[in-house]
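Undergrad: Below you will find the structure I want to go over with you.
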Amino acid sequence: MQNTLKIKTKTYAKILESQGFKQEALEIYESLEKDAEVIEAIKRLKQRKKFNGINVLKLKEFDNINQKNRFNFEKWLIFKD
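The working numbering numbers the first residue of the sequence shown as 1 and each following residue consecutively.
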């Protein structure tokens, strides 16, 4: 017998969203849309993300990473726009 229990909580929706299951998370958020945090999540998931393409310079730097340039690369990852 297949388990058909569907858990529809903000926590489960956040887990789904963080794992890339955005449509499933959106459906749960929409079923819970009385909460302000949920309304914000719906807006976030419906918003189209802009992809600027790959930073080729940083890709080459990552391919040739060593101890010397690792710190600068990690700093760029954390503080990039």
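Cβ coordinates follow ideal geometry from the N, Cα and C atoms, glycine included.
To the nearest angstrom, report how far apart Glu-24 and Glu-33 are at their CA atoms.
TA: Residue 24 sits at position 24 when you count from the first residue of the sequence shown. Residue 33 sits at position 33 when you count from the first residue of the sequence shown. Roughly 14 angstroms separates the two Cα atoms.
Undergrad: With distances taken from CA atoms, which of Asn-64, Lys-14 and Phe-71 is nearest Arg-44?
TA: The residue you call residue 44 lines up with position 44 of the sequence shown. With distances taken between Cα atoms, Arg-44 lies closest to Lys-14.
Undergrad: Whole angstroms are fine: how far does the CA of Ile-28 sit from the CA of Ile-39?
TA: Taking the first residue of the sequence shown as 1, we reach residue 39 at position 39. Taking the first residue of the sequence shown as 1, we reach residue 28 at position 28. Rounded to the nearest angstrom, the two C-alpha atoms are 11 angstroms apart.
Undergrad: Give me, in chain order, the residues of the same chain whose beta-carbon lies closer than 6 angstroms to that of Ser-31; leave out the 5 immediate sequence neighbours on both sides.
TA: Here residue 31 corresponds to residue number 31 of the sequence shown, with the count starting at 1. Cβ within range, chain order: Lys-8.
Undergrad: Once you ignore the five residues that flank Phe-73 on each side, which residues in its own chain have a CB closer than 8 angstroms to its CB?
TA: Here residue 73 corresponds to residue number 73 of the sequence shown, with the count starting at 1. The residues are Lys-58, Glu-61, Phe-62 and Ile-65.
Undergrad: Should Ala-41 be labelled buried (16 or more other beta-carbon atoms within 10 Å of its own) or exposed?
TA: Sequence index remark: in the sequence shown, residue 41 carries index 41 (1-based). The residue is buried, with at least 16 neighbouring Cβ atoms inside 10 Å.
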